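**Q** One structure, pasted below without further comment.
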Amino acid sequence: MSPIMQVARTEQQMDAPTSWSTLPMGDWVAAEIQERLDNWCPNLFGYHLLKIGALSAELSCKGSPIRHQIDIAPTGRLFDLYGEPHALPVRTGSVDACLLAHCLDFSSDPHQVLREAERVLTDDGWLIITGYNPVSLVGIGHYLPFLRHRLPWSARMFTPSRITDWLHLLGCEVMLDERFGYSFMGKQSWHSWWRESVGRDYCRAFASVYVIAARKRRFPLIPVRRRWPLPRSIATQGMARQGW
């Protein structure tokens, strides 16, 4: 079965990483994601920002004007509040931005994780998602028997186009979509500026990591029309009125 058609929900227990340092090239991937967050975060406005998962908690969103930032994770080195990504202990429509760093890759029910993130978001709230692309060099390792049970190849890996489809079904509009990483992502892997440059120009679809930013949109099903109050009579007191 192709990676695009695979079932999203699974009964398999996922071994999620608790830190970027546990992933091969994880520190480099985190630094690349952080660079993009530093560029995007100044556009995130509101009162509350939620970072979901242990990997999200290790990333910084200090460039955002949102000062109240909470890290929610079931485990990890840095988090403020204990909670599962598929059942967030957060009130509906109370968060202005959510960060899901590689959270869908290591979830047994990524649909529910996305639904929860969409639920807690306010209208026009931001949702930032990162993950591994199965149509890439790192995706090849996912289908090799001697690697598929090791990190990072044990990740489920959903294509960016599939993530975009899920977001559209939830009423979210993709605003930004960046890709990087053109290596096998193993311990002996390496990266260079020329490979990243060539990959961005000619092989963008085969990048190993994607970073997608979307906004939650809400439109009324029935347009609300303003009712203009009309006076009962346009004639004022003392004016002549035409009889019928």
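Residue numbers (our numbering): 703 to 946. Note that beta-carbon positions come from the ideal geometry of N, C-alpha and C, so glycine has one too. Keep in mind it's a predicted model, so treat the numbers as computed, not measured.
What number of angstroms, rounded off, separates the C-alpha of S704 from the C-alpha of S796?
**A** By 1-based counting over the sequence shown, the position of residue 704 is 2. By 1-based counting over the sequence shown, the position of residue 796 is 94. Interpretation of S704 is limited by its pLDDT of 41, a score under 50 that renders its predicted location unreliable; no figure is taken from the coordinates.
**Q** Less than 8 Å separating the beta-carbons of A694 and E818?
**A** For residue 694 there is no data in the structure shown, the boundaries of the chain being 703 and 946.
**Q** Helix or strand or just coil, what does DSSP make of E820?
**A** Here residue 820 refers to the residue found at position 118 of the sequence shown. In the structure shown, E820 sits in a helix (DSSP, three-state: H, G or I).
**Q** Can you give, in chain order, each stretch of the alpha helix (DSSP H) that sits fully within the region 707 to 779 and has at least 4 residues?
**A** Those alpha helix (DSSP H) runs which fall completely within the region 707 to 779 and span 4+ residues are 728 to 742, 756 to 759.
**Q** Quick check: the region 710 to 718 against the region 726 to 736, are at least 3 beta-carbon pairs closer than 8 Å?
**A** no
**Q** Kindly list the residues whose CB is nearer than 6 Å to the CB of M707, restricted to its own chain and excluding five residues on each side of it in sequence; keep chain order.
**A** The residue you call residue 707 lines up with position 5 of the sequence shown. Because the pLDDT at M707 is just 39, under 50, the model does not fix this residue reliably, and the point stays unresolved.
**Q** Could you check which residue in L839, M887, L801 has the C-alpha nearest to that of C743?
**A** To locate residue 743, count along the sequence shown from 1; it is residue 41. Nearest option by C-alpha distance: L801.
**Q** Just the Cα atoms here: how many angstroms apart are L780 and D773?
**A** By 1-based counting over the sequence shown, the position of residue 780 is 78. By 1-based counting over the sequence shown, the position of residue 773 is 71. One C-alpha to the other measures close to 8 Å.
**Q** Can you grab the Cα-Cα spacing for the pair S885 / R852, in whole Å?
**A** The residue labelled residue 885 in the question sits at position 183 within the sequence shown. The residue labelled residue 852 in the question sits at position 150 within the sequence shown. One C-alpha to the other measures close to 16 Å.
**Q** Counting beta carbon pairs with one atom in the region 828 to 848 and one in the region 903 to 913, are three or more of them shorter than 8 Å?
**A** yes
**Q** Output the distance between the C-alpha atoms of A756 and T777, rounded to the nearest integer angstrom.
**A** Taking the first residue of the sequence shown as 1, we reach residue 756 at position 54. Taking the first residue of the sequence shown as 1, we reach residue 777 at position 75. Rounded to the nearest angstrom, the two C-alpha atoms are 6 Å apart.
**Q** What do you reckon, is the C-beta of M716 under 7 Å from a heavy atom of the ligand COA?
**A** The ligand COA is not part of this structure, which contains no ligands at all.
**Q** R881 bridges to which residues according to DSSP?
**A** Taking the first residue of the sequence shown as position 1, residue 881 is located at position 179. Beta-bridge analysis with DSSP links R881 to Y912.
**Q** For A803, count neighbouring Cβ atoms within 10 angstroms of its own Cβ and tell me buried if that reaches 16, exposed if not.
**A** Taking the first residue of the sequence shown as 1, we reach residue 803 at position 101. It counts as buried.
**Q** Starting from the Cα of Y834, find the closest Cα among L849, M887, L878, A915 and give me that residue.
**A** Translated into positions along the sequence shown, residue 834 becomes position 132. Residue M887 is the option with its Cα nearest to Y834.
**Q** Have a look at I842, E786, D879, P854 and flag the residue whose alpha-carbon is nearest the alpha-carbon of L829.
**A** For this step, residue 829 is matched to residue 127 along the sequence shown. Taking only the C-alpha atoms, the option nearest L829 is D879.
**Q** Assuming V840 is part of the alpha helix (DSSP H), what are its boundary residues?
**A** Taking the first residue of the sequence shown as 1, we reach residue 840 at position 138. 839 to 843 is the span of the alpha helix (DSSP H), which, as asked, contains V840.
**Q** Go ahead and pull the three-state DSSP assignment for Q797.
**A** Locating residue 797 in the sequence shown gives position 95, where the first residue counts as 1. The sequence given here has Val at residue 797, not Gln. In this structure, V797 counts as strand in the three-state DSSP scheme.
**Q** With burial defined as no fewer than 16 other Cβ atoms inside 10 Å of the residue's Cβ, what is the status of V815: buried or exposed?
**A** The residue given as residue 815 occupies position 113 in the sequence shown. So V815 ends up on the buried side.
**Q** In three-state DSSP terms, what is D867?
**A** Numbered from its first residue, the sequence shown carries residue 867 at position 165. Residue state, collapsed to three classes: helix.
**Q** Going by C-alpha distance, which of R769, S766, K753, D811 is nearest G785?
**A** On the sequence shown, position 83 is the one that residue 785 refers to. Of the listed residues, the one whose Cα sits closest to G785 is K753.
**Q** Look at the Cβ atom of V876, then the Cβ atom of I914, and state whether they are nearer than 8 Å.
**A** Taking the sequence shown and counting its residues from 1, one reaches residue 876 at position 174. Taking the sequence shown and counting its residues from 1, one reaches residue 914 at position 212. Result yes, Cβ atoms of V876 and I914 sit closer than 8 Å.
**Q** Taking 8 Å as the cut-off, decide whether the C-beta atoms of I768 and L751 are in contact.
**A** The residue labelled residue 768 in the question sits at position 66 within the sequence shown. The residue labelled residue 751 in the question sits at position 49 within the sequence shown. Going by C-beta atoms, I768 is nearer than 8 Å to L751.
**Q** So L806 and I831 are supposed to be a Cβ contact under 8 Å. How far apart are they, rounded?
**A** As a working mapping, residue 806 is identified with position 104 in the sequence shown. As a working mapping, residue 831 is identified with position 129 in the sequence shown. At roughly 7 Å, the Cβ-Cβ gap stays under 8 Å, so L806 and I831 are in contact.
**Q** Where A775 and K918 are concerned, what is the direct C-alpha to C-alpha distance, given to the nearest angstrom?
**A** Position 73 of the sequence shown, counted from the start, is the residue given in the question as residue 775. Position 216 of the sequence shown, counted from the start, is the residue given in the question as residue 918. Cα to Cα, A775 sits roughly 23 Å from K918.
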